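Sequential numbering of the sequence shown, starting at 0, is according to numbering that gives the first Met the number 0.
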Amino acid sequence: MVKRLVLVLGDQLSHALSALRAADKAHDLIVMAEVGDEAGYVPHHPKKIALVFSAMRHFADDLTADGWQVAYTKLDDADASRSIVGELMRRGQEHGTSEVIATRPGEWRLISALDDAPLSVTMLPDDRFVCSLEAFDTWAEGRKELRMEWFYREMRRKTGLMMEGDKPAGGKWNFDHDNRKPASGDLLRAKPLRFAPDAITAEVLDLVESRFGDTFGTLRPFHYAVTRADALRALDHFATHLLAGFGDYQDAMLMQDPFLHHSILSPYLNLGLLGPLEICQRVEAEWQAGRVPINASEGYIRQVIGWREYMRGIYFREGPDYTSRNVLGHDRALPALYWGAPTRMNCLSHAVAQTRDEAYAHHIQRLMVTGNFALLAGIDPHQVHEWYLAVYIDAYEWVEAPNTIGMSQFADGGIVGSKPYVSSGNYIAKMSDYCSDCAYAVKDKTGARACPFNLLYWDFLIRHRDRFARNPRMAQMYRTWDRMDAARRDTVLSEATAFLARLDAGEAV
Ligand SMILES: Cc1cc2nc3c(=O)[nH]c(=O)nc-3n(C[C@H](O)[C@H](O)[C@H](O)COP(=O)(O)OP(=O)(O)OC[C@H]3O[C@@H](n4cnc5c(N)ncnc54)[C@H](O)[C@@H]3O)c2cc1C
Ligand code: SF4
């Protein structure tokens with residue numbers, strides 16, 4: 000006799016999940032389901048669907064071995080329903096119960112589906128984070144600006160990570176000024192660990208190939224970890240071989256090395272296979288043992304207990320309408336180049352090809368290449384948001400949306416960032432080797448070969464002059480523009496307009 004259903008979602012694969020802690024092994028039934036609505040509401044990258052389904056199947060096996068009763072629905076089961084609520088209703092009818100325990104999902108869409116379901120759902124907080132949503136609200140309340148840096152200091156104090164008493168280790172909270180070095184090719188640099196698919200993953204790959212084979216993204220080879228044990232190996236490998244260079248080369252981009260010193264741990268963290276504190280404690284231990292410099296460990300820990308937690312706080316604080324914000328009124332359709340159509344811009348061509356092949360691009364590729372171009376070109380932020388949500392292996396709305404709508408597209412009007420992340424081609428030239436192999440010339444500001452980022456940069460600033468000219472961090476840019484020769488300014492703006500017209504016409508710009 001089943002008393003209650005215990006919902007475990009695809010990104011809730013943690014043995015210490017609040018819903019599991021509240022459940023009773025003897026009487027409750029765990030419900031896990033691969034459902035069409037979740038897999039298909041944006042065109043998710045096939046690698047991402049495979050990762051989630053395979054990790055779910057492994058986790059369900061672990062739970063069964065641990066003595067739980069688990070009702071697991073595979074996508075191709077004949078009687079599977081299309082939605083999470085549909086599956087709960089079906090299992091509830093089978094077992095004569097309408098009581099459900101769930102951990103709060105990381106997306107408003109699912110929270111309201113559970114709220115509206117004709118079931119008695121007890122929703123527990125998701126406490127797999129350093130900062131609860133209540134604590135974030137308390138921190139945010141009454142502040143004029145919600146700057147990440149201040150939040151991060153609170154998290155350092157709260158966790159004690161890299162603290163010496165009440166002072167930050169090394170005398171500074173942030174070592175970012177050491178972290179902006181371009182990288183050169185290094186054949187000896189370690190690569191992320193790759194995991195060969197086992198029988199469960201092989202079956203999932205066949206399923207995903209048959210159901211989602213036409214979606215943007217290369218499914219095979221598939222090498223992501225799908226169990227906690229392998230995710231821990233990935234963490235160990237990163238900490239041992241790559242962390243030391245993380246700080247220095249955090250912003251660098253290289254054509255031949257998509258991963259550089261990045262950890263590729265976000266897929267495992269966001270699924271729940273790893274926890275934020277265990278990762279940070281490992282990173283801190285490397286620094287304490289003198290094996291990595293302070294700018295590497297501080298920089299890494301800031302991303303996890305700072306940015307990641309902050310983004311979650313913003314998503315839930317801002318509410319369900321966040322993904323439709325568009326304060327800059329951008330309405331251009333997302334160009335086909337984001338889905339792999341040819342482009343002569345080498346930086347975009349590389350970032351998109353890498354995204355297609357790996358379902359991964361690192362932060363600066365997302366922010367300063369694909370994101371920067373979308374913002375400069377005035378693309379509808381909701382379409383940009385749906386693209387990021389679809390194509391990245393680590394994309395879940397609670398973390399993707401504030402990064403895209405807020406940090407990258409400034410569509411929230413400055414809640415996440417105090418100024419838009421825009422740059423001309425200069426930044427990309429400094430931090431990457433993309434420009435050396437491009438049809439455009441990054442040094443050309445106008446003319447047939449002018450780098451489109453150079454043209455669009457000014458076009459963006461001028462279109463939004465009323466909003467940004469008084470921003471003290473942007474005033475210098477407007478002064479530079481005003482000092483420019485009038486004829487040159489006209490050329491820049493007319494070439495930018497011509498470029499955007501070619502983009503709209505579907506030309507391979
Ligand atoms: C437009 C845009 C969309 C993004 N979408 C996502 C997303 O869907 N999911 C996601 O996890 N991250 C997202 N990010 C943040 C960041 O790009 C990824 O976390 C990072 O690239 C993951 O790769 P990694 O594990 O190798 O990270 P590393 O560079 O090794 O960083 C370490 C860890 O820090 C955390 N982190 C770093 N930066 C951020 C950030 N800005 N926000 C939240 N966590 C951060 C991640 O958990 C990451 O694993 C996005 C960034 C931008 C600009
Ligand atoms: S020249 Fe411009 S378009 Fe080409 S790679 Fe460099 S930044 Fe990108």
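Note that the Cβ used here is the ideal one computed from N, Cα and C, for glycine as well.
Given the structure is predicted, the values throughout are model-derived calculations rather than measurements.
query, result
"Pull up the CB-CB distance for residue 401 and residue 415, whole angstroms please, since I reckon it's below 8 Å.", "6 Å"
"Do three or more CB pairs link the region 180 to 189 to the region 3 to 21 at distances below 8 Å?", "no"
"Check each residue's C-beta against every heavy atom of ligand 4 and list, in chain order, those closer than 6 Å.", "Among the ligands in the structure shown, ligand 4 does not appear; only ligand 1 and ligand 2 can be found there."
"Can you determine whether any heavy atom of ligand 1 sits closer than 7 Å to the C-beta of residue 265, and answer yes or no?", "yes"
"May I ask you to check if the CB of residue 268 is nearer than 7 Å to at least one heavy atom of ligand 1?", "yes"
"Which of the three DSSP states is assigned to residue 442 in this structure?", "coil"
"Taking its Cβ as the centre, do 16 or more other Cβ atoms sit within 10 Å of residue 96, making it buried, or is it exposed?", "buried"
"Note the first and the last residue of the continuous alpha helix (DSSP H) segment covering residue 293.", "293 to 300"
"For residue 149, count neighbouring C-beta atoms within 10 Å of its own C-beta (all shown protein chains included) and say buried if the count is 16 or more, exposed if not.", "exposed"
"Throw me the rounded Cβ distance for the residue 20 and residue 98 pair, which I believe falls under 8 Å.", "Rounded, the Cβ-Cβ distance is 17 Å, inconsistent with contact."
"With distances taken from CA atoms, which of 286, 134, 40 is nearest residue 154?", "134"
"Suppose contacts are defined by Cβ-Cβ distances below 8 Å. Is residue 387 in contact with residue 394 by that definition?", "yes"
"Cα-Cα, which of 52, 239, 291 is closest to residue 224?", "52"
"I'd like to know whether the C-beta atoms of residue 207 and residue 49 end up nearer to each other than 8 Å.", "yes"
"If you draw a straight line from the alpha carbon of residue 423 to that of residue 396, how long is it in whole angstroms?", "29 Å"
"Can you tell me the Cα-Cα spacing of residue 106 and residue 34, whole angstroms?", "16 Å"
"Going by the CB atoms, is the gap between residue 455 and residue 382 shorter than 8 Å?", "no"
"Using a threshold of 8 Å, state whether the C-beta atoms of residue 238 and residue 272 are closer than that.", "no"
"Are residue 245 and residue 299 closer than 8 Å when you measure CB to CB?", "yes"
"Can you say whether residue 140 is buried or exposed, counting buried as having 16 or more other CB atoms within 10 angstroms of its CB?", "exposed"
"By alpha-carbon positions, which one of 485, 483, 351, 460 ends up nearest to residue 473?", "460"
"Need the endpoints of the alpha helix (DSSP H) that residue 48 sits in, please.", "45 to 64"
"Should residue 93 go down as buried or exposed, given a rule of 16 or more other Cβ atoms within 10 Å for buried?", "exposed"
"Answer with buried or exposed for residue 117, where buried requires no fewer than 16 other C-beta atoms within 10 angstroms of its C-beta.", "exposed"
"Any heavy atom of ligand 1 closer than 7 Å to the beta-carbon of residue 365?", "yes"
"Kindly indicate which three-state DSSP category residue 472 falls into: helix, strand or coil?", "coil"
"Need the endpoints of the alpha helix (DSSP H) that residue 387 sits in, please.", "380 to 390"
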